[in-house]
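Trainee: In this note's numbering, the protein residues as written are 56 to 276.
Glycine included, each C-beta is placed from N, C-alpha and C at the ideal position.
Note that the structure is a prediction, hence the values are computed from the model and not measured.
Let me give you the structure first, and then I'll get to my questions.
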Amino acid sequence: IHIPVLTIDGPSGAGKGTIAREVVLAKGWHFLDSGALYRLTGLHCQRCGVDTQDADLAAELAANLPVEFVVGAEGERVLLAGDDVTAEIRTETTGALASQVAALQPVREALLQRQRDFRQPPGLVADGRDMGTVVFPDADFKVFLTASAEERAERRYKQLKEQGADVSLAVLTEEIAERDRRDASRSVSPLVPAADAQVIDTTGIGVGAVFERVMAVLAER
Ligand code: C5P
Numbered sequence: 056i057h058i059p060v061l062t063i064d065g066p067s068g069a070g071k072g073t074i075a076r077e078v079v080l081a082k083g084w085h086f087l088d089s090g091a092l093y094r095l096t097g098l099h100c101q102r103c104g105v106d107t108q109d110a111d112l113a114a115e116l117a118a119n120l121p122v123e124f125v126v127g128a129e130g131e132r133v134l135l136a137g138d139d140v141t142a143e144i145r146t147e148t149t150g151a152l153a154s155q156v157a158a159l160q161p162v163r164e165a166l167l168q169r170q171r172d173f174r175q176p177p178g179l180v181a182d183g184r185d186m187g188t189v190v191f192p193d194a195d196f197k198v199f200l201t202a203s204a205e206e207r208a209e210r211r212y213k214q215l216k217e218q219g220a221d222v223s224l225a226v227l228t229e230e231i232a233e234r235d236r237r238d239a240s241r242s243v244s245p246l247v248p249a250a251d252a253q254v255i256d257t258t259g260i261g262v263g264a265v266f267e268r269v270m271a272v273l274a275e276r
């Protein structure tokens, strides 16, 4: 049987996660947060004392991530080697580690099949940077969300503040710009829209309107 996939790619803070979760609720499909796998790999390297430039060791850790997703009283928790890292994987420090290991081809290969395994009936929403280009090139529906750098930094800032993090907008803007530069300029799976993706610029557009546009893409076939 054919299992439909919607890929949502784009830079950090473009609203991918928010939109992906809404589509998941509306359609009852599965959800792949591929960024979380890179974040977990980066954090696991750091905790194991593995250099994020060491491609082979980092790939070995990526292939054997001791990760568990558990649903508890406070919602879904992420455990790494038994330790609750739900909040820590969302910090910009972990985001930077993620983008370092994400530039290593062996790490990407180690995570490839694990990501494809998320494709289960009745369908999948896949959020990331290379979902439509590399992981699910045959996806039925592809969108690429963008927004101005200022707006993306502001959205991340609000999100982290709501989670109780102590962050500065100026520092966050610089960190995100640096991470985007690395993601867009790397030689393996650089951040680019798939040729057949619908590019949606979400600058100045509310979540509801973006959601409508993505649902319209899903209704096309
Ligand atoms: O989306 P998120 O901010 O959680 O991703 C963290 C980092 O993981 C990105 O900056 C990027 O370097 C990497 N990533 C990737 N490919 C994906 C998802 C994330 O390279 N499909």
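Quick check: what's the CA-CA separation for A69 versus A232?
Mentor: C-alpha separation (whole angstroms): 13 Å.
Trainee: Return yes when the Cβ of A249 is within less than 7 Å of the Cβ of T188, no when it is not.
Mentor: For T188 and A249, yes; Cβs fall inside 7 Å.
Trainee: Could you check what DSSP says for F86 in three-state terms: helix, strand or coil?
Mentor: In the structure shown, F86 sits in a strand (DSSP, three-state: E or B).
Trainee: Using the C-alpha atoms, what's the distance from S223 back to M186?
Mentor: The alpha-carbon atoms of M186 and S223 are separated by roughly 31 Å.
Trainee: R210: which of A153, V140, P66 sits nearest, CA to CA?
Mentor: The residue with the shortest Cα to Cα distance from R210 is P66.
Trainee: Closer than 6 Å: is that where the CB of D286 sits relative to any heavy atom of the ligand C5P?
Mentor: Look at the range of the chain in this structure, 56 to 276, and you will see that residue 286 is not part of it.
Trainee: Apart from the five residues on each side of it in sequence, which residues of its chain come closer than 6 Å, Cβ to Cβ, to A110?
Mentor: Around A110: L159, P161.
Trainee: Taking DSSP as the reference, what is the three-state secondary structure of V265?
Mentor: Correct three-state label for V265: helix.
Trainee: Would F191 pass as a contact of T62 if the rule is Cβ separation under 7 Å?
Mentor: In this structure, T62 lies closer than 7 Å to F191 by Cβ.
Trainee: Select from E164, A165, F196 the residue whose C-alpha is nearest the C-alpha of L179.
Mentor: Ranking the options by Cα distance to L179, first place goes to F196.
Trainee: Across which residues does DSSP place I231 in a beta bridge pair?
Mentor: Paired residue(s): none; I231 is not in a bridge.
Trainee: Please return the same chain residues whose Cβ sits closer than 8 Å to the Cβ of L215, not counting the five positions on each side in sequence.
Mentor: Taken in chain order, the residues that qualify are R145, T146, E147, V222, L227.
Trainee: So, using beta-carbon positions, are A239 and L246 closer together than 7 Å?
Mentor: Yes, the pair counts as a contact, with Cβ atoms nearer than the cut-off.
Trainee: Return the chain-ordered ranges of every beta strand (DSSP E) run that is complete within the region 120-174 and spans a minimum of 3 residues.
Mentor: Runs of the beta strand (DSSP E) inside the region 120-174: 122-127, 130-135.
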